[in-house]
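Numbering-wise, UniProt numbering puts 604 at position 604 of the first sequence, and it's gapless, one number per residue.
We put the beta carbon where it would ideally sit given N, CA and C, even for glycine.
Given the structure is predicted, the values throughout are model-derived calculations rather than measurements.
Here the structure comes first, spelled out in structure tokens, and everything after it is commentary.
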Amino acid sequence: MRNALDIRMVANRYAAKLQLCSPQDPASFSLARAVHGHMIASGFKPRGHFLNRLLEVYCKSSNVVYARQLFDEIPSPDAIARTTLITAYSASGNLKLGREIFNGTPLHLRDTVFYNAMIIGYSHNDDGLSALELFRAMRRDDFRPDDFTFTSVLSALVLVVGNEQQCGQMHCAVVKSGMGCVSSSVLNALLSVYVKCASPLAISSSAMVSARKLFDEMPKRDELTWTTMITGYVRNDDLNGAREVFESMAEKLGAAWNAMISGYVHHGCFQEALIMFRKMRSLGIQHDEVTYTTVISACANGGFFQQGKQVHAYILKNELNPNHNLLLSVNNALITLYCKNDIVDEARKVFDQMPLRNIVTWNAILSGYVNAGRIEEAKSFFEEMLEKNLLTLTVMISGLAQNGFGDEGLKLFKQMRLDGFEPCDYAYTGAITACSVLGALENGRQLHAQLVHLGYNSNLSVGNALISMYARCGVLEAAESVFLSMPFVDLVSWNAMIAALGQHGYGAKAIQLFDQMLKNGVFPDRITFLTVLTACCHAGLVEEGRHYFSLMFENYGISPDEDHYARMVDLFCRAGMFSYAKNIINTMPSKPGAPVWEALLAGCRIHSNLDLGIEAAEQLFELTPQHDGTYVLLSNMYADVGRWNDVAKVRKLMRDQGVQKEPACSWIEVENEVHVFLVDDDVHPEVVSVYRYLEELGLEMKKLGYVPDTKYVLHDMECEQKEHALSTHSEKVAVAFGLMKLPPGATVRVFKNLRICGDCHNAFKFMSKVVKREIIVRDRKRFHHFKNGECSCGNYW
DNA sequence: GTAGGGTTAG
Numbered sequence: 001m002r003n004a005l006d007i008r009m010v011a012n013r014y015a016a017k018l019q020l021c022s023p024q025d026p027a028s029f030s031l032a033r034a035v036h037g038h039m040i041a042s043g044f045k046p047r048g049h050f051l052n053r054l055l056e057v058y059c060k061s062s063n064v065v066y067a068r069q070l071f072d073e074i075p076s077p078d079a080i081a082r083t084t085l086i087t088a089y090s091a092s093g094n095l096k097l098g099r100e101i102f103n104g105t106p107l108h109l110r111d112t113v114f115y116n117a118m119i120i121g122y123s124h125n126d127d128g129l130s131a132l133e134l135f136r137a138m139r140r141d142d143f144r145p146d147d148f149t150f151t152s153v154l155s156a157l158v159l160v161v162g163n164e165q166q167c168g169q170m171h172c173a174v175v176k177s178g179m180g181c182v183s184s185s186v187l188n189a190l191l192s193v194y195v196k197c198a199s200p201l202a203i204s205s206s207a208m209v210s211a212r213k214l215f216d217e218m219p220k221r222d223e224l225t226w227t228t229m230i231t232g233y234v235r236n237d238d239l240n241g242a243r244e245v246f247e248s249m250a251e252k253l254g255a256a257w258n259a260m261i262s263g264y265v266h267h268g269c270f271q272e273a274l275i276m277f278r279k280m281r282s283l284g285i286q287h288d289e290v291t292y293t294t295v296i297s298a299c300a301n302g303g304f305f306q307q308g309k310q311v312h313a314y315i316l317k318n319e320l321n322p323n324h325n326l327l328l329s330v331n332n333a334l335i336t337l338y339c340k341n342d343i344v345d346e347a348r349k350v351f352d353q354m355p356l357r358n359i360v361t362w363n364a365i366l367s368g369y370v371n372a373g374r375i376e377e378a379k380s381f382f383e384e385m386l387e388k389n390l391l392t393l394t395v396m397i398s399g400l401a402q403n404g405f406g407d408e409g410l411k412l413f414k415q416m417r418l419d420g421f422e423p424c425d426y427a428y429t430g431a432i433t434a435c436s437v438l439g440a441l442e443n444g445r446q447l448h449a450q451l452v453h454l455g456y457n458s459n460l461s462v463g464n465a466l467i468s469m470y471a472r473c474g475v476l477e478a479a480e481s482v483f484l485s486m487p488f489v490d491l492v493s494w495n496a497m498i499a500a501l502g503q504h505g506y507g508a509k510a511i512q513l514f515d516q517m518l519k520n521g522v523f524p525d526r527i528t529f530l531t532v533l534t535a536c537c538h539a540g541l542v543e544e545g546r547h548y549f550s551l552m553f554e555n556y557g558i559s560p561d562e563d564h565y566a567r568m569v570d571l572f573c574r575a576g577m578f579s580y581a582k583n584i585i586n587t588m589p590s591k592p593g594a595p596v597w598e599a600l601l602a603g604c605r606i607h608s609n610l611d612l613g614i615e616a617a618e619q620l621f622e623l624t625p626q627h628d629g630t631y632v633l634l635s636n637m638y639a640d641v642g643r644w645n646d647v648a649k650v651r652k653l654m655r656d657q658g659v660q661k662e663p664a665c666s667w668i669e670v671e672n673e674v675h676v677f678l679v680d681d682d683v684h685p686e687v688v689s690v691y692r693y694l695e696e697l698g699l700e701m702k703k704l705g706y707v708p709d710t711k712y713v714l715h716d717m718e719c720e721q722k723e724h725a726l727s728t729h730s731e732k733v734a735v736a737f738g739l740m741k742l743p744p745g746a747t748v749r750v751f752k753n754l755r756i757c758g759d760c761h762n763a764f765k766f767m768s769k770v771v772k773r774e775i776i777v778r779d780r781k782r783f784h785h786f787k788n789g790e791c792s793c794g795n796y797w
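Laid out in structure tokens, this is it:
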């Protein structure tokens, strides 16, 4: 057992070590933790410079949570400590917390560096306006700007300024700023402003001419100046210009090479990039971390997986150990390479071997899990993460939404705002997808309104998500208006809009839009054909479906996969063309899977084709024994022809297999609509209130005759479950409730987590005809619009 | 204690 003195001595020894190590060194964090721990254990109160040093290590190793704990223990943190923490917050994207520290700092504790840190934070996080606002405040508070201030403010200006004229004004302002002789660092920043304004995305290419003029007139050019010019030309799609500047450099250093390589990569000249990569080495110019990072990420994004692996091997062979901490970003790029090629486990190996990781590393793996659909692993990995930034949350929100966890996605979206993160356009995209999954139309509308307010509504991915959301929530007009208002659309937008029309039963319109897409020169993909075939299914367009199915391969070289075949089977079966359905199943290159058999079984039920239906069901019992839909369809098929003993057998089999029956439901009233959600938990408070109405509604329903007579309700379950009939089919109850309580003409909407059953489908059709009201139902698979006894999805789903 | 060029997570 050591005594306090020993502990203090050890602590002091660590402290001395800590002074020597670089804050970026991976070992420094654990060292700092050890020192800190010893100090706490010994009751030793570190002060002043030493505390700041500890704080710096925590911050620079991206451990901002520890940093904050330490900061809060400092009795009166000075400007240095505050600056350090603000910088760490802005590096992790949490400006709000940084600004809190800033605002809580009295004027007498502030200095120029302190202001600079906050301005830089804003500018790094793309918030140019706040940076400029702070710059004004700084001058109002009488602090003198220095070179750091000017360079940061200039880079912030790029974010809010779009044209060359404004660049020119800035140029004059900088020259006039009283500094007489403008320092070369400020001139470099100015050059960078011109160059960024000149990028094709940001309007003016004549800004490049001005940039060139400034460049030619600069009294002193350093490596940074040259590299800025090279990237300027690259961004302006002028590879020759870039090359010319590069060639005219007397001494070409690494960064310039990297800029050229990156230029080639961005213009798809991958071979050129690799040639330069090799040439560097042959001329004796060291590849550095950035070179490797660029080349590997190029391979990852350009689909050159094999070359990427070769570079990896090359690093392992020639370049020491990639586990060295300097190669953090290289390892990060490697992770992306493996994730993009669906080898998350390989990426995870790289991750596990890394001595130092940062937020990028963690986010890369997280998105790897998410993109591979491995949502459970993504969830637990997310929980493990101590440090999260905007991107972490965004990835997780989209991941949850895309994998059916809409409620969790929306919850996280709300939480991120409470935690001080301002959601970006991608985060909104995820949240809208979550609404889409949940059928949460009102929530989606609110988000849409916020997006318009923020100016994000013209963003491509946001627009695409909105189209799907409105379509899946049954508001086709809104989906259409989003599509039409988008300044740019891509294949995903077309696919989403074609799907929207198809979902609503407008098969012909969907095909028209598809033709228009082709006329616009957009090349379809497998999803496009899937949506077109689905549209044909919903509208019963058999000949058209066959046409597009063959067109897909013949004209576009896309081989049909499982889902395409399933659509075709569906299409034929609905039309009663069973020999065609069987025929197409026989031509499949691989063994048919569950989607194909499901389509066959559903079709057999419509036409009471028992023999074929049983065959399909047997296949399904082998492939997906836990899937409830098979049992329900099969028993319904028997019920339709009055074979009640077989119904009971199927139900018993289902119970023996431990397959859950449909869950109960809950409902909410929103304005003039009734929304119904099915939940797994029948003690859900909303379900309880449904039960409260049950008796009354039962009477009413009988009296009004809205629900077809008993066969439809009762044949779906075993005798002993009859008393629960209404709760397992409670969407009918809810609709009846809606029809009674809502004003005439209001639409009734029903949302369900599972597929609605055939009986409810029939009931809805019946109700829509008898009471002359439109009923909108959405389940996990489809959208149904009932009107005058017909449904948009055809005879059956 | 704070940047400015080349790079890594959607």
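query = Is DSSP giving N12 helix, strand or coil here?
reply = helix
Self-check item: Between the CA atoms of L400 and F621 - distance to the nearest angstrom
Solution: 29 Å
- May I have the straight-line CA-CA distance separating R281 from R357, to the nearest angstrom? 28 Å
Quick check: what's the CA-CA separation for L623 versus E615? 13 Å
*Please go through the same chain and pick out, in chain order, the residues whose beta-carbon is closer than 8 Å to the beta-carbon of A16, but skip the five residues on each side of it.*
none
### Contact check, Q19 vs R68, beta carbons under 8 Å
no
Q. What is the rounded straight-line gap between the Cα of F44 and the Cα of I359?
A. 32 Å
- Pairwise C-alpha distance: M497 and L491: 10 Å
Short Cβ contact (8 Å threshold) for N403 with I375 = yes
- Item | Whole-number beta carbon distance between F514 and L533, since they are thought to touch under 8 Å | With 8 Å as the limit, L533 and F514 do not qualify as a contact, their Cβ atoms being about 11 Å apart.
Query raised in the report: How would you call S92, buried or exposed, if buried means at least 16 neighbouring beta carbons within 10 angstroms?
Result: buried
- Query: Are the stretch 547-566 and the stretch 590-597 in contact at 8 Å, needing three or more beta carbon pairs?
  - Reply: yes
#### Entry: Start-to-end residues for the alpha helix (DSSP H) that takes in I261
G254 to H266
Self-check item: Between the CA atoms of M260 and S30 - distance to the nearest angstrom
Solution: 38 Å
Could you work out which residue in L454, G439 and E442 is closest to residue 798 when comparing CA atoms only? What the structure shows of the chain is the stretch from 1 to 797, and residue 798 is not part of that stretch, so it cannot be assessed.
Could you name the residues of the same chain whose beta carbon sits closer than 6 Å to that of E377, not counting the 5 residues immediately before and after it, in chain order? Y369
- Query: Ordered along the chain, which non-local residues of its own chain (more than five positions away) have a Cβ less than 8 Å from that of G268?
  - Reply: G302
task: Would you check if the stretch 514-531 and the stretch 477-488 touch, i.e. whether three or more CB-CB distances between them fall below 8 Å?
output: no
### 8 Å contact criterion, which L476 and H504 should meet: CB distance rounded
5 Å
Return the residue from the list D237, L224 and I335 that minimises the CA-CA distance to N258. L224
Does V777 come out as helix, strand or coil in the three-state DSSP assignment? strand
_Rounded to whole angstroms, what is the Cα-Cα separation between V64 and F215?_
40 Å
Going by DSSP, what residues sit across from H785 in a beta bridge? I776
What's the call for V153, buried or exposed, on a 16-neighbour Cβ count within 10 Å?
buried
How would you label D126, buried or exposed, when you count the other beta carbons within 10 angstroms and need 16 or more for buried?
exposed
Can you name the start and end residues of the alpha helix (DSSP H) that residue 818 belongs to? Look at the range of the chain in this structure, 1 to 797, and you will see that residue 818 is not part of it.
- Query: Which whole runs of the alpha helix (DSSP H) in the stretch 578-662 are 4 residues long or more, in chain order?
  - Reply: 578-586, 594-606, 610-623, 628-640 and 644-656
Going straight from the alpha carbon of G406 to that of G420, what length do you get?
-> 22 Å
Answer yes or no: do F305 and N341 have a C-beta to C-beta separation smaller than 8 Å?
-> yes
Original post:
For T710, which three-state DSSP category applies?
Top reply: Because T710 carries a pLDDT of 29, less than 50, the predicted location of this residue cannot be relied on, and the following value inherits that uncertainty. Residue state, collapsed to three classes: coil.
Please classify L633: is it buried, with 16 or more other beta-carbons within 10 angstroms of its beta-carbon, or exposed?
-> buried
Worksheet item: Taking C-beta to C-beta, are S184 and K220 nearer than 8 Å?
Response: yes
Taking T83 and G121 to be in contact with their CB atoms under 8 Å, please state how far apart those CB atoms are, rounded to whole angstroms. 10 Å between Cβ atoms; not a contact.
Q.
By DSSP's criteria, G790 is part of a beta bridge. Which residues make up the other side?
A. Contrary to the premise, residue 790 reads as Glu rather than Gly in this sequence. DSSP output for E790 lists K787 as bridge partner(s).
Rounding to the nearest angstrom, what Cα-Cα distance links D682 and V437 in this structure?
Because D682 sits at a pLDDT of 42, beneath the cut-off of 50, its placement in the model cannot be relied upon, and the point is left open.
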